[in-house]
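**Q** Quick one: the structure is below, questions incoming.
In this note's numbering, the protein residues as written are 6 to 321.
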């Protein structure tokens, strides 16, 4: 009888092991994808990726989860609570260097650089501001705590000569909350760093076409000098939001990250699915059209996961 119980216990343990999280690879993968707010690009893109991973990798079920984005996503990866995470490249650089928000090097690797984020400095209707420096003394949301948006927002303000803790009435709202607060007139401006178009900004521009996006090109060189060349100048064609004109703003690349302990085979399968299901992902969000194998490898200072590196090597 003891031998029977021992055999049953061994079988249970084996089955449980096969159904563990995605970091170990093998059959029965349950992959959690850490994204962002529901009206941001990360969440939409992540939902599309979850569907493709679930249908393309045998015995895999992937789901996208709502988060505060970059900083939180990296912490979830490091703690084993997420298997794939979207992040801005500047936040990922801080993570591997143990800087600013991160007090130690985080155990992450990169799958790919996927597309560029655009800094949105949104001014509510009726508020007078033509440049970032004009936000001094105003009610401004910097984005939610533990978000890449907040990292960039603080750096943009500081580059414009504004102390984000003392020179504004600071709020920490999600993209959804920021849009609603701008509609209600309870904030004067908010920061959002994301792809084009971002659904929340589209919603605000549709209902409040007198809202404005500020040109942030005047702070770009100060940011590059202080924080590095990962910050670049990008143009926003305002017709994206059914408005007129073009503005220049600070851009930053996005990377897809995984825990460094993820199996090589699973990392390879994820990378392969990402690029080979480009058309299906583009149908979910147009930013996926920017997937490119050559560009995808440009993830420094984060290291490529060996499984991802194998996929790129196969593609030459």
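The C-beta atom is built at its ideal place from N, Cα and C for all residues, glycine as well.
Please report the residue range of the alpha helix (DSSP H) in which residue 52 lies.
**A** 46 to 61
**Q** At what residue ranges does the region 73 to 117 contain a whole run of the alpha helix (DSSP H), taking only runs of 4 or more?
**A** 75 to 84 and 94 to 102
**Q** Using alpha carbons as the reference points, say which of 186, 313, 52 and 259 lies closest to residue 127.
**A** 186
**Q** Per DSSP, which one or two residues make a beta bridge with residue 69?
**A** In the DSSP assignment, residue 69 is bridged to 38.
**Q** Taking only three categories from DSSP, how would you classify residue 176?
**A** strand
**Q** Reducing DSSP to helix, strand and coil, say where residue 248 ends up.
**A** Per DSSP, reduced to three states, the secondary structure at residue 248 is coil, with no helix or strand assignment.
**Q** Check whether the Cβ atoms of residue 46 and residue 292 lie closer than 7 Å to each other.
**A** Taking C-beta atoms as the reference points, residue 46 and residue 292 count as a pair closer than 7 Å.
**Q** Taking Cβ positions, are residue 154 and residue 196 nearer each other than 7 Å?
**A** yes
**Q** I think residue 105 touches residue 235, with their Cβ atoms under 8 Å apart; what is that distance to the nearest whole Å?
**A** About 13 Å separates the two Cβ atoms, so there is no contact after all.
**Q** Going by DSSP in three states, residue 256 sits in which element: helix, strand or coil?
**A** strand
**Q** How many whole angstroms separate the CB atoms of residue 254 and residue 239, which I take to be in contact at a CB cut-off of 8 Å?
**A** 6 Å
**Q** Is DSSP giving residue 268 helix, strand or coil here?
**A** Residue state, collapsed to three classes: coil.
**Q** Out of 42, 295, 43 and 67, point me to the one whose CA is closest to residue 274's CA.
**A** Closest option to residue 274, Cα to Cα, is 67.
**Q** Using the C-alpha atoms, what's the distance from residue 145 back to residue 181?
**A** 15 Å
**Q** Which residues in the same chain as residue 233 place their Cβ atom closer than 6 Å to its Cβ, once the five residues preceding and following it in sequence are excluded?
**A** Around residue 233: no qualifying Cβ.
**Q** Between the C-alpha atoms of residue 237 and residue 229, what's the straight-line distance to the nearest angstrom?
**A** 8 Å
**Q** Quick check on the DSSP output: the beta strand (DSSP E) that includes residue 239 runs from which residue to which?
**A** 236 to 242
**Q** On the three-pair Cβ rule with 8 Å, is the region 107 to 121 touching the region 256 to 266?
**A** yes
**Q** For residue 93, count neighbouring C-beta atoms within 10 Å of its own C-beta (all shown protein chains included) and say buried if the count is 16 or more, exposed if not.
**A** buried
**Q** Suppose you measure from the CA of residue 35 to the CA of residue 179; what does that come to, to the nearest Å?
**A** 27 Å
**Q** On a Cα-Cα basis, can you pick out the residue from 137, 129 and 223 that is closest to residue 210?
**A** 129
**Q** For a quick check, are the C-beta atoms of residue 221 and residue 137 less than 7 Å apart?
**A** yes
**Q** Among 161, 251, 208 and 51, which has the Cα closest to the Cα of residue 225?
**A** 161
**Q** Tell me whether the beta-carbon of residue 118 lies closer than 7 Å to the beta-carbon of residue 300.
**A** It is a contact, given that the beta carbons lie within the stated cut-off.
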